[in-house]
Every structure is written in structure tokens, then in C-alpha cells.
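S.K.:
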Amino acid sequence: MIKHTLLPASEFVSRRDKFAAQMEPNSVAFISANKEVTRSNDTEYSFCQDKNFYYLTGFNEPDALLLLIKIAGAQAEYQSILFCRDKDPMQEVWHGRRVGPELAKEAYVFDQTFTLDKMDEQVTSLINGVENVYHCFTDVDLNKQVDLWIKQVASQLKMGKRSPTVKFDCSDIIHELRLIKSEAELEIMRQVNVISGNAHQRAMKYSRAGRFEYQIEAEILHEFASNGARFAAYNSIVAGGDNANILHYTDNQEELEADQLLLIDAGGEYAGYAADITRTFPINGKFTEEQKAVYELVLKSQIVAIEAIKPGMTFARLNELVGEVLTQGLFDLGILTGNIDELLKANACKKFFIHGLGHWLGLDVHDVGDYHINEKRQQLREFKPGMVMTIEPGIYIPKGCDVEPKWQGIGVRIEDNIAVTESGYENLTVNSPKTIADIEALMQS
Ligand code: GLY
Ligand code: MN
Ligand code: MN
């Protein structure tokens with residue numbers, strides 16, 4: 218059984234400290250929780266908290282609102298205020314326990330907490346005299362609500378009230394903080410990787426001709442949930458044969474055939490953090506010559522990229538390294554034809570490697586944080602210790618394309634989760650077999 222770690226309240230307080238340190242004096246920041254979303258009639262989807270709100274609070278109930286108020290002239294001082302649902306015996310009997318304002322103040326270490334019905338009165342009083350407002354501009358509901366509160370205060374000008382005049386989008390401040398993971402966050406990301414790696418192993422052992430993609434998905438979800446990662450971080454991709462050439466294939470309805478590869482892209486979510494792992498393996502446990510050739514090439518390119526990761530490296534440079542390996546390899550296999558120098562110059566592998574090499578990973582699977590993209594669409598941001606990313610090269614040769622038939626229907630992606638360290642990298646994906654020898658050995662065990 219895996220030993221799980223959750224983040225202590227002090228981690229969330231320290232995030233709020235870092236956020237507030239970047240606020241202008243005499244300002245207020247609003248960050249709102251998600252609402253429940255109806256699935257049909259009177260049933261809801263499983264609740265998923267807004268990740269910016271979660272990052273700053275650790276509070277996992279819908280409808281809440283966080284206010285951070287930075288006092289004029291006091292650089293380091295700010296107040297944290299949470300509005301949340303009240304305790305309600307009837308609602309709690311039907312729908313589950315609520316934290317309530319009293320326990321929230323103590324357990325989540327806020328300066329003040331109020332019930333939701335006090336929001337209008339409290340907010341209009343709290344923002345009186347404040348100059349600047351921060352909120353996430355993409356949060357349309359909050360945007361409207363904040364404007365309403367400002368108007369309410371402005372309408373009382375003659376009574377000596379003064380409303381904020383400047384609005385800032387605070388998404389970037391939160392996103393930049395989220396991009397660099399603390400040691401406690403990395404520990405959780407190691408754990409969700411181990412849980413997800415076990416799920417990939419389970420899927421490899423269970424796969425065989427005659428089973429259906431959804432049956433393999435069920436094994437994966439079982440392994441996630443029974444180890445505390447109750448939900449997948451994203452819909453699992455379980456793609457047999459040519460389905461692997463549909464990048465975000467999630468139908469997962471087809472029967473598996475013996476001579477096919479199975480591509481599985483699946484990661485659990487634990488304590489809010491995502492894993493994002495892809496493995497590709499032969500359904501009957503043994504790679505054919507063609508499958509082996511494409512697989513070895515993708516693996517080689519992935520290892521080249523991973524081993525180059527260190528502070529100062531960029532996705533742009535990693536893309537060049539991977540592009541050279543894949544283009545040369547596809548030429549050697551006869552899948553790309555022509556003049557090799559021209560092919561390399563044109564980065565011709567992109568015909569078959571049709572997506573990005575990787576992305577930031579954290580609370581979201583496609584995590585937040587700027588990539589510093591230039592006009593040529595190169596990602597020039599230099600890596601720093603604490604960043605976590607995926608490295609996921611792939612080669613996709615769909616049926617019916619203009620390549621020799623023996624290659625058609627092969628789709629391979631291999632995806633690991635990598636943290637940047639002071640001296641290089643740490644591969645968090647430690648227990649998902651990826652060499653041909655390890656995969657074949659596991660599947661025959
Ligand atoms: N699982 C989606 C991705 O790899 O980006
Ligand atoms: Mn990914
Ligand atoms: Mn993925």
C-alpha cells in the first residue's frame with residue numbers, strides 16, 4: 218500500500234504570502250471556487266475545484282470566495298478572508314459534510330471567515346477605500362460580480378465612500394507560482410506517478426486479444442481509485458491499433474486484436490495533482506519487427522530529450538534534438554525518403570510527429586505557466602529547478618496514408634513526467650516499463 222502525503226495548511230499559507238508579496242499596496246484580490254456542474258436533471262459531475270483557488274486555499278468546497286487584502290503602506294501585511302457555505306444539518310444529511318466558517322478559519326488558517334450570505338455586505342465594506350482590484354479575468358461570473366460591488370461602492374461617493382479604480386488580472390501571478398513546485402508538491406507528484414505506473418503495469422498484464430478497450434480502462438481506473446487517486450486527471454486514452462493515430466481518442470469501445478499495438482495515455486489525480494503517462498505495447502506481448510523499429514526510435518528520441526533536461530534548457534532546444542533523432546531514424550527505416558540533409562533542415566519528422574514534445578504538469582494536466590513563445594512559435598523559456606513537464610514524443614502512421622502498408626496502423630507515444638533539479642532532472646515516472654525487454658518480460662510474467 219502506498220503511503221500518501223497531503224499538503225499541510227502551512228504550504229497554502231506560504232503560497233498566499235508569496236502571492237500577496239506581489240500585490241500593490243492598498244489592493245484586494247478575489248479568487249473564486251468552482252461551482253457544481255449539472256450532469257443531467259438533478260445529478261452533478263464529481264466536483265472539481267478551481268485549481269487557482271485550490272492552490273491558494275486547499276479548500277475543496279464549491280461556491281467559496283477568497284479575498285486577500287493588502288493594506289496601504291504595509292508592504293508585508295495582508296488579510297486573508299474566506300467566504301464559504303454555512304453548516305446546514307439538513308443539507309449535510311443529504312449531500313455530505315461541510316467545513317463551515319469556524320473550522321475553516323482554524324484548519325485552513327484564514328484571518329477571517331464568513332458565510333456566503335454575508336458576502337455582499339462584507340465585500341462592499343472591505344473594498345471601500347481600496348485602490349486596486351485583482352481577479353482572474355477569465356472568471357466571467359466573478360468579473361461581473363466584482364464590477365457590481367465596485368459600482369455599489371461608487372454609488373455611495375457622496376457618503377464619503379471611495380471605490381477601486383484599477384483592475385489587474387492576477388492569473389499570471391498565480392500561474393508563475395504554480396509553475397515552480399515545492400518539495401512537498403514534488404512528493405505528491407512522485408506518488409501519483411507511482412499509482413499511475415502501477416495502473417499501466419496492470420493494463421499491460423491484463424491486455425490480450427478479444428478484450429475491449431473499455432475493459433482495459435476499467436483496470437486502470439480500479440488501480441487509481443483503490444490507491445486514493447479516485448479520479449483520472451483526464452479521460453483515459455485506450456487506443457488499440459489504428460485508434461492510436463487519433464491523438465485524443467477516448468471512445469475506448471473497440472475489441473483488441475492480437476497483432477496490434479495498444480497505446481494507453483492515462484494518469485491519476487491525487488491531492489489535486491495530475492500524472493500524465495503514455496505507454497505503447499503489443500497486445501499479445503511481443504513486438505513485430507515494424508512495431509519494434511518504430512518503438513525503438515520513439516524511445517531513443519525520448520531518452521535523448523530527457524537526458525538533456527537541466528536548468529537553462531528549453532523546449533525549443535529539446536525539440537531540435539528530438540527532431541534530428543526522429544528525422545534521421547525515419548529516413549533510415551525508409552519511411553521518409555529524399556535527401557537527408559534537406560529532410561533534417563525541414564524537420565521532416567513533423568509529418569509523423571504531429572504534436573508538441575511536452576507541456577508543464579501539476580495541478581492541471583496541461584498545467585499553467587508561460588512558455589515564452591516567440592514569433593516562430595518556439596518555446597524559449599529556460600527550465601528552472603522545481604518545474605515539472607512531460608516529455609512525450611510520438612510517431613503516427615495511420616492506415617491509408619502514403620507510406621508502405623507494413624508500417625500503416627502503427628501509432629506510438631511514450632510519455633514520462635520529469636522534474637527539473639538543481640543539477641539536471643528527476644524522472645518521476647519510475648515504475649511504468651518502457652524498454653522492449655521490460656515490457657515483454659512483464660507481459661509474459
Ligand atoms: N494526456 C494528454 C497529453 O498527453 O497531453
Ligand atoms: Mn501530456
Ligand atoms: Mn498524456
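In this note's numbering, the protein residues as written are 218 to 662.
Virtual Cβ for every residue (Gly too), placed ideally from N, Cα, C.
Since the structure is predicted, the reported quantities are computational estimates derived from the model, not experimental observations.
(1) Pull up the CB-CB distance for Glu440 and Ala416, whole angstroms please, since I reckon it's below 8 Å.
(2) Starting from Ser388 and walking both ways along the alpha helix (DSSP H), at which residues does that stretch end?
(3) Near Gln596, which residues of its chain fall below 7 Å by C-beta distance, leaving aside the five closest residues on each side in sequence?
(4) Can you name, in chain order, every residue of its own chain whose Cβ lies under 8 Å from the Cβ of Val605, other than the five neighbours on each side?
(5) Note down, in chain order, each residue of its chain lying with its Cβ closer than 6 Å to the Cβ of Lys384, except the 5 sequence neighbours on either side.
(6) Is the CB-CB distance between Phe270 and Ser249 below 8 Å?
(7) Which partner residues of Phe448 appear in the DSSP bridge assignment?
(8) Go through its chain and collect everything with a Cβ distance to Gly586's Cβ below 7 Å, but skip five positions before and after it.
(9) Tell me whether Ala321 sits in a helix, a strand or coil according to DSSP, three-state version.
(10) Do you know offhand how far Ala449's Cα is from Asp482's?
(11) Could you pull the start and end residues of the beta strand (DSSP E) that Glu338 belongs to?
(12) If you draw a straight line from the alpha carbon of Ser413 to that of Gly485, how long is it in whole angstroms?
(13) Assuming Ser670 is part of the beta strand (DSSP E), what are its boundary residues?
(14) Looking only at C-alpha atoms, which of Thr607, Gln418 and Lys378 sits nearest to Ala491?
(15) Leaving out five residues on either side along the sequence, give the residues of the same chain with a beta carbon under 6 Å from the beta carbon of Thr544.
(16) Does at least one heavy atom of ligand 1 sit under 7 Å from the Cβ of Thr607?
(17) In this structure, does DSSP put Asp493 in helix, strand or coil?
(18) Pull up the distance between the alpha-carbon of Ile219 and that of Glu228, whole angstroms please.
(19) Can you tell me whether DSSP reads Val542 as helix, strand or coil?
(20) Ignore the nearest five residues each way along the sequence and tell me which others in Gly489's own chain have a CB closer than 6 Å to its CB.
(21) Could you tell me the alpha carbon to alpha carbon distance between Gly502 and Glu657, rounded to whole angstroms?
(22) Excluding five sequence neighbours on each side, which residues of the same chain lie with their C-beta closer than 8 Å to the C-beta of Thr330?
(23) Do Ile390 and Phe236 count as a contact pair if the criterion is CB distance below 8 Å?
(24) Nearest by alpha-carbon distance to Glu338: which of Thr355, Ile367, Cys353 and Asp356 is it?
(25) Compute the Euclidean distance between the alpha carbons of Gly427 and Phe247, then round it to the nearest angstrom.
(26) Is Ile656 helix, strand or coil by DSSP?
(27) Starting from Leu560, follow the alpha helix (DSSP H) in both directions and report where the run begins and ends.
(28) Tell me which residues share the same chain as Glu261 and place their Cβ nearer than 7 Å to its Cβ, disregarding the 5 neighbours each side in the sequence.
(29) Spell out the partners DSSP gives Val605 in its beta bridges.
(30) Between the C-alpha atoms of Leu659 and Gln239, what's the straight-line distance to the nearest angstrom?
(31) As a quick exercise: from Ile614, Ile526, Val620 and Phe548, pick the residue whose alpha carbon is nearest that of Gly575.
(32) Spell out the partners DSSP gives Cys301 in its beta bridges.
M.R.: According to the structure data:
(1) Walking along the sequence shown from the start, residue 440 turns up at place 223. Walking along the sequence shown from the start, residue 416 turns up at place 199. About 4 Å separates the two Cβ atoms, so the contact holds.
(2) As a first step, residue 388 is located in the sequence shown; it is residue number 171 there, counting from the start. Here the alpha helix (DSSP H) through Ser388 covers Ser388 to Leu396.
(3) Counted from its first residue, the sequence shown places residue 596 at position 379. Closer than 7 Å at Cβ, skipping near neighbours: Thr531, Phe532, Ala533, Tyr588, His589 and Ile590.
(4) As a first step, residue 605 must be located in the sequence shown, where it is residue number 388. Answer for Val605: Lys398, Leu403, Met406, Trp577, Leu578, Gly579, Asp584, Asn634, Ile635, Ala636, Val637 and Leu645, listed in chain order.
(5) The residue given as residue 384 occupies position 167 in the sequence shown. Within the same chain, Lys384 has close Cβ partners Val350.
(6) The sequence position of residue 270 within the sequence shown is 53, counting from 1. The sequence position of residue 249 within the sequence shown is 32, counting from 1. Against a cut-off of 8 Å, the Cβ pair of Ser249 and Phe270 comes out as a contact.
(7) Start at 1 with the first residue of the sequence shown, and residue 448 comes out as number 231. Paired residue(s): Glu486.
(8) Position 369 of the sequence shown holds residue 586. His392, Glu393, Arg395, Leu396 and Trp577, listed in sequence order.
(9) Numbered from its first residue, the sequence shown carries residue 321 at position 104. The answer is helix: DSSP assigns Ala321 an H, G or I state.
(10) Here residue 449 is taken as the residue at index 232 of the sequence shown, counted from 1. Here residue 482 is taken as the residue at index 265 of the sequence shown, counted from 1. Cα to Cα, Ala449 sits roughly 11 Å from Asp482.
(11) Your numbering for residue 338 matches position 121 in the sequence shown. Unbroken run through Glu338 is the alpha helix (DSSP H), Met336 to Leu343; no beta strand (DSSP E).
(12) Sequence index remark: in the sequence shown, residue 413 carries index 196 (1-based). Sequence index remark: in the sequence shown, residue 485 carries index 268 (1-based). Taking the straight line joining both Cα atoms gives about 6 Å.
(13) What the structure shows of the chain is the stretch from 218 to 662, and residue 670 is not part of that stretch, so it cannot be assessed.
(14) For the purposes of this step, residue 491 is taken as residue 274 along the sequence shown, with counting starting at 1. It is Thr607 whose Cα lies nearest to the Cα of Ala491.
(15) Along the sequence shown, read from residue 1 onward, the residue named residue 544 stands at position 327. Leu560, Leu561, Ala565 and Cys566.
(16) On the sequence shown, position 390 is the one that residue 607 refers to. Yes; taking the cut-off as 7 Å, the Cβ of Thr607 has a heavy atom of ligand 1 nearer than that.
(17) By one-based count along the sequence shown, residue 493 stands at place 276. It is coil, neither helix nor strand.
(18) Taking the first residue of the sequence shown as position 1, residue 219 is located at position 2. Taking the first residue of the sequence shown as position 1, residue 228 is located at position 11. The predicted position of Ile219 is uncertain, since its pLDDT is 47 and thus under 50; no value can be drawn from it.
(19) Numbered from its first residue, the sequence shown carries residue 542 at position 325. Helix.
(20) Within the sequence shown, the letter at position 272 stands for residue 489. For Gly489, where only same-chain residues beyond five positions count, the Cβ hits under 6 Å are Tyr271 and Leu580.
(21) Counting from 1 along the sequence shown, the entry for residue 502 is found at position 285. Counting from 1 along the sequence shown, the entry for residue 657 is found at position 440. Those two C-alpha atoms are separated by around 6 Å.
(22) Numbered from 1 along the sequence shown, position 113 holds the residue referred to as residue 330. Excluding residues within five positions, the ones whose Cβ falls inside 8 Å are Ile298, Leu299, Phe300, Cys301, Pro318, Glu319, Ala321 and Lys322.
(23) The sequence position of residue 236 within the sequence shown is 19, counting from 1. The sequence position of residue 390 within the sequence shown is 173, counting from 1. Yes.
(24) Taking the sequence shown and counting its residues from 1, the one referred to as residue 338 is at position 121. With distances taken between Cα atoms, Glu338 lies closest to Ile367.
(25) Residue 427 sits at position 210 when you count from the first residue of the sequence shown. Residue 247 sits at position 30 when you count from the first residue of the sequence shown. When rounded, the distance between both Cα atoms is 53 Å.
(26) Indexing the sequence shown from 1 puts residue 656 at position 439. Reduced to three states, the DSSP call for Ile656 is helix.
(27) The residue you call residue 560 lines up with position 343 of the sequence shown. Segment Ile557 to Lys562, the alpha helix (DSSP H) holding Leu560.
(28) Sequence index remark: in the sequence shown, residue 261 carries index 44 (1-based). Correct list, in chain order: Glu253, Val254 and Thr255.
(29) In the sequence shown, the residue the question calls residue 605 occupies position 388. Looking at the DSSP assignment, Val605 forms a beta bridge with Ala636.
(30) The count along the sequence shown starts at 1 and reaches residue 659 at position 442. The count along the sequence shown starts at 1 and reaches residue 239 at position 22. Approximately 50 Å between the Cα atoms of the pair.
(31) Mapped onto the sequence shown, residue 575 falls at position 358. Ranking Ile614, Ile526, Val620 and Phe548 by Cα distance to Gly575 puts Ile526 first.
(32) The residue given as residue 301 occupies position 84 in the sequence shown. The partner list for Cys301 (beta bridge, DSSP) reads Thr332.
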